[in-house]
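Report on one structure; see the data block that follows.
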Amino acid sequence: AAQVTLNVNSWAGPSYPLASQAVALCDDIEKVTEGRVVCNILPKAVASPTQTFDAVASGIVDIGYIVHGYTAGRFVLTKAPEFPLFGDTAEAMSVAYQRVYDDMLASANEHDGVKVLAVHTHGPGQVFNIRHEVNTLADLEGLKMRVGGGVINDVSEAIGVVPILKPATEVYELLSTGVVDGVFFAKDGVVPYNLPDVVKYATFVPGGMYNISFGWLANPDKWESIPEADRALIEPLIGEGLARRMGKAFDQADEVAVKALSDAGIPMNEANEEFVAELAETTKPLREAWIAQAKEMGVDGAAVLQALQDEAAAVKTD
Amino acid sequence: MIESILGFAAFLALAFLRVPLSIAMGLVGFIGFAIQVNLNASLAMVGQVVYETGLAYTLSVIPLFILMGNLIVQSKLAEEIYRAAYAFIGHRPGGLAMSTIVACGGFGSICGSALATTATFCKIAAPSMTKFNYQPHLIAGTIATGGTLGILIPPSLILVLYGIMTDENIGRLFVAGIVPGILAVLFLCGAVLFIVTRNPAAGPKGNRENWDTRLRSLRRIWAVIVLFVVILGGIYAGVFTATEGAGIGAFGALLFAIFLGNLTFRELVDVLVQTATATAVLFMILIGALIFANFVNLTTMPRDLVSFIQAANMPAGVVVLMICAIYILLGTAMEELSMIALTVPLFYPIVTEVGYSGIWFGVAVVIVCQIGLTTPPIGINIFVVKSMMDGLSIRDAFRGTWPFNAALVLLLLLLIAVPDIATFLVQYMR
Amino acid sequence: MTSSITHKLETWSTGFFRYVTAFMLFALMLLTLTDVLGRYFFNRPVYGGLELTEIILAGMIFSALPLVTYKGEHIVVDLFEPRAPALRRAQHVVTNLMGALVVAVLSRQLWLRAERLERAGETTIQIKIPIDIVAYTISGLLALTAIAFLIRAFCPETSPNDRGEITRGEPDT
Ligand code: NA
Ligand code: NA
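Chains as they are written, first to last, in our numbering: chain E, 108 to 425; chain G, 528 to 957; chain X, 896 to 1068.
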């Protein structure tokens, strides 16, 4: 019989990679421990995205995942992977991010009060809109784009986009009513939020307009209550293992999205080199401001950004 | 399973001892969660629920829809609607009751709340029915059930909450409520006819109005139509979101109240305070229900219910029928907001999995809520009617509602058999 | 305390909360309207509209709560009432004490949460309002709500709608 039951808070929709991989991760934990450690994924999420960190820290639930950018001011260093043009596959970016996190970011202890199981990103963030084809950065100027928070909010302002902060669940309604002109979304959001029904143009930016930093957390006391032998068995499933799992899942969702968009006849174009160069140039002050912030926390931000690039290039994906 | 049942029993006991429902649910949920996990986690959980619910952007639509309804009351539009309905059908047997039902439906098209609709018609329709010697049980039944049309005919707070809980599009849910709402008006009028045929003394005839009066009575209905078209049309055509529709509707209602109802500054403050306090009461109920739901969430009950329903591998219609039956049963003893907060997350996945649409289920949930609002022992609409009609016995009040509830059950069965009733209009939305 | 002082205090404090909550609701409506109009006519929605909406909503609800409680407008089940005055009195005291206790615990939890938010330095995403201020305010208003329950429990003669009369201010379902 089970010796430890972990209550898991999963707020994402069931088809979204975060939720489906929570289930898969739980299955694997049960398998490797031969049923001694099991999960209880709560049928209704107890904590919302913004409240999950506190919920895990205070033991309301034992395991949960968060979006670092949903709570402004709390996390600084986790913005590192969110800047434009990080990379093209979620798997490489996630594994690189996890390694850099372990080496250079974890010691700053931004996740005080919880055990970090993994950090990762989704695929490169892209541009979807209902107005016109986007070929240059200037084409984006003045458009009202839905954002979820994090670095993309600052990026939007820097490039002259009107950022509209609304819950992801309203995206379909916002687009179909024309309340917003478009969304910055990773491709993985395309199918769950029915974008092929409403968007008219998709623009893919090599390296991504932005990214999002996710964290998987466990309540430290509960985690310690797992017998050491079993924790050792679980170890390969978390850290880089979990980051890779999530990266793969997001990459798969991205592929599905491209197919759905092309089935719906939505024109997809790739941003050209000028677009990319201009984006890098315009958002440079954002990186510099962040490097200054990181310095105050005793972290060499420039080195972190470089390490992310280098690691992502080095990660082997299949 | 047993923990949940004990929890429900404790909640009911506290409720009958007159502990406010929100406090009773919150207390039981808190203790239950503490037993299941631990005290510190439970303390953190209740704090989190309060904070999260109080700051929920999506819930901001609630006070705005309530405000719209309350301002409409100030502009005296409800009286106009009732007068028009009376002019056309008041002279028939049970005519005043049927006028009330029709007028409730009309008023429901601009007011999103069952209780506001009921309270309004207690003021407007009850005196004239009493004057024509209507029996108390028919008066109470008509107004209590007629008032529930406020949540079936859009705009509707219950549909808004359902949309928030399930991520279904609120605009589509509203459109789905239109045809079932019109059918509900007809079914409830049928219930009135059934009652007065068996017992003509229950609802005598009113005065017959001539065609001149009838046509004149329609003149001021334009304001209602304008508001309905602006809100629903705006959402239907995709001009603004449902959340924004609430704000715009409230502002439109404010203009009507100022120009048609001569709203004074004092009255405006009163309406705002009344709306804010009604919202606060509702949020307390929601907070209590969510705390309770978090406790039930940790018990085996959700899984047990789901596996019970899925076990026999029954056809879709039967599954949905069973779920509706569970709802009607729960609705007798629960406050409706708490009921949907607890159960929609459980049943929604099952219903959509067997092939009924999420939009359809929203309409079905509203109908079971309508029934629950007027069934004993905890029927909130009955309490409203009783609080506003002097000398009405609680027995009479509950006795008056059963034919209407039978009509609503028939409507629900029809909806299960022909789901398109709710969904066919939706497909024309962009 | 003379009764005229308590009376003044009552008029003043209920009046205060009435105007605060009314103002908040009015602001909520205007905010939505401005947001929509600004977006359509000037391509300029209200910056930080979402977070302002959330904060105003919370402010409105929790400043209405002491009022709701003091006036006994929470929804209760009106079915059974003890006949004997002594029993009725006991029931009244016990249920209001229970309310006071529950809301006091909530107030304490919000205070602890506010302290955590302050330490973490959490702000809103766009206008960067320090969010702990909101949590502290909610905590304070909940404390006042607990006091309102206590006043009802022990000084029924000062609070309106008492003695188990019919409760109004139903939730708007
Ligand atoms: Na309505
Ligand atoms: Na009931």
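Even for Gly, the Cβ is constructed at its ideal location relative to N, Cα and C.
Under the criterion of beta carbons closer than 8 Å, X/M919 and X/I951 qualify as touching, at roughly 5 Å.
The Cβ atoms of E/T159 and E/N116 sit closer than 8 Å to each other.
Residue selection by CB proximity (closer than 6 Å to any heavy atom of ligand 2) returns G/G858, G/T859, G/G899, G/T902, G/I905, G/G906 in chain order.
At a C-beta separation below 9 Å, G/R747 has no neighbours in chain X, since its nearest C-beta there lies roughly 24 Å away. Relative to ligand 1, G/G690 has its C-beta separated by 7 Å or more from all heavy atoms. Taking the C-beta atoms as reference points, E/H229 is found no nearer than 8 Å to E/N301.
In this structure, the CA atom of E/I167 is about 25 Å from the CA atom of E/V183. Note on the region 227 to 283 of chain E: whole beta strand (DSSP E) runs with a minimum of 3 residues are 232 to 236, 251 to 254, 269 to 272, in chain order.
Note on geometry: alpha-carbon atoms of X/L996 and E/G408 lie some 49 Å from one another. When 9 Å is used as the limit between beta carbons, G/A646 is near no residue of chain E, the shortest such separation being about 31 Å.
If you draw a straight line from the Cα of G/L856 to the Cα of G/I850, it comes to about 10 Å.
Interface flag for G/Y854 against chain X is unset, since no Cβ pair is found closer than 8 Å.
Assigned with DSSP and collapsed to three states, E/S214 falls in helix. For X/I1033, the neighbours in chain G by C-beta distance under 8 Å run, in chain order, V577, Y578, G581.
Under the three-pair Cβ rule at 8 Å, the region 618 to 635 of chain G counts as touching the region 646 to 665 of chain G. Along the length of the region 982 to 1053 of chain X, whole alpha helix (DSSP H) runs at least 4 residues long occupy 1027 to 1049, reported in chain order. The Cβ-Cβ distance between E/L113 and E/K273 does not fall below 8 Å.
Listed along chain G, the residues sitting closer than 8 Å to E/L149 by beta-carbon distance are N824, L825.
Residue burial annotation: E/S369 is exposed, with fewer than 16 other C-beta atoms found within 10 angstroms of its C-beta.
Between the beta-carbon of X/L923 and that of X/L1036 there is about 17 Å, and that puts the pair past the 8 Å contact cut.
Using a Cβ distance threshold of 8 Å, G/G815 and G/I558 do not count as a contacting pair.
Remark: the C-beta of E/P392 is outside contact range of ligand 1, defined as less than 7 Å to any heavy atom. Taking the C-beta atoms as reference points, G/A583 is found no nearer than 8 Å to E/S165. Distances from the CB of G/G639 to the heavy atoms of ligand 1 include at least one below 7 Å. Set against 7 Å, the gap from the CB of G/I697 to the closest heavy atom of ligand 1 is not smaller.
Below the 9 Å Cβ cutoff, chain G contributes no neighbours of X/E1010, its closest Cβ being approximately 11 Å away.
In this structure G/F835 is exposed. Its beta-carbon is surrounded by fewer than 16 other beta-carbon atoms within 10 angstroms.
The alpha helix (DSSP H) runs of length 4 or more contained entirely in the region 286 to 352 of chain E are, from start to end of the chain, 302 to 305, 327 to 331, 335 to 341. Here DSSP, grouped into helix, strand and coil, assigns G/N567 to helix. The beta-bridge partner set that DSSP reports for E/C146 consists of E/L113.
In the three-state scheme derived from DSSP, where H, G and I count as helix and E and B as strand, G/M849 is classed as helix. Relative to ligand 1, the nearest heavy atom lies less than 7 Å away from the CB of G/I678. With distances taken between CA atoms, G/N789 lies nearest to G/I599 out of G/I599, G/I532, G/T647, G/L586. For G/G774, the enclosing alpha helix (DSSP H) covers residues 769 to 787.
Counting along the chain, E/Y204 sits inside no beta strand (DSSP E); it lies in the alpha helix (DSSP H) bounded by residues 197 to 207. Chain X places a beta carbon closer than 8 Å to that of E/L272, counting this residue as a contact.
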